[in-house]
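Residue numbers (my numbering): 1198 to 1293. Built from N, CA and C at the ideal position, the CB exists for glycine as well.
Right, here's the structure in full:
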């Protein structure tokens, strides 16, 4: 398993969390509130998010054999689309 974590500074963390969860809820297993969300991808990857007033914390777990860098890019590019007014967001990806 590969675990990547990022803390994204934004005053709209809750809005972006909810938009991303709703966007993917039609195709993936999704559970979310205004403060927390989990998305399970078909390839077995899992995205956990937690929003507060200033940051969106992200934990991306990718199974062995899957492309972790690609999954990080998928998450970041989707969030940037929702954050078009302040994009690109800064994702300081590091090992979890």
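Own chain partners of residue i with C-beta closer than 8 Å, once the 5 adjacent residues on each side are dropped
i: residue 1252; result: 1204, 1205, 1206, 1207 and 1210
Distance CB(residue i)-CB(residue j) smaller than 8 Å
i: residue 1214; j: residue 1275; result: no
i: residue 1199; j: residue 1290; result: no
i: residue 1247; j: residue 1263; result: no
i: residue 1277; j: residue 1266; result: no
Sequence-distant residues of the same chain with beta carbon closer than 6 Å to residue i, five excluded per side
i: residue 1235; result: 1228 and 1245
i: residue 1254; result: 1204 and 1247
Straight-line Cα distance separating residue j from residue i
i: residue 1260; j: residue 1238; result: 11 Å
i: residue 1287; j: residue 1293; result: 17 Å
i: residue 1242; j: residue 1220; result: 17 Å
i: residue 1256; j: residue 1270; result: 13 Å
i: residue 1231; j: residue 1212; result: 8 Å
i: residue 1225; j: residue 1279; result: 18 Å
Cβ-based burial, residue i [other Cβ within 10 Å; buried from 16]
i: residue 1273; result: buried
i: residue 1258; result: buried
Residues bridged to residue i (per DSSP)
i: residue 1224; result: Its beta-bridge partners do not exist; DSSP assigns none.
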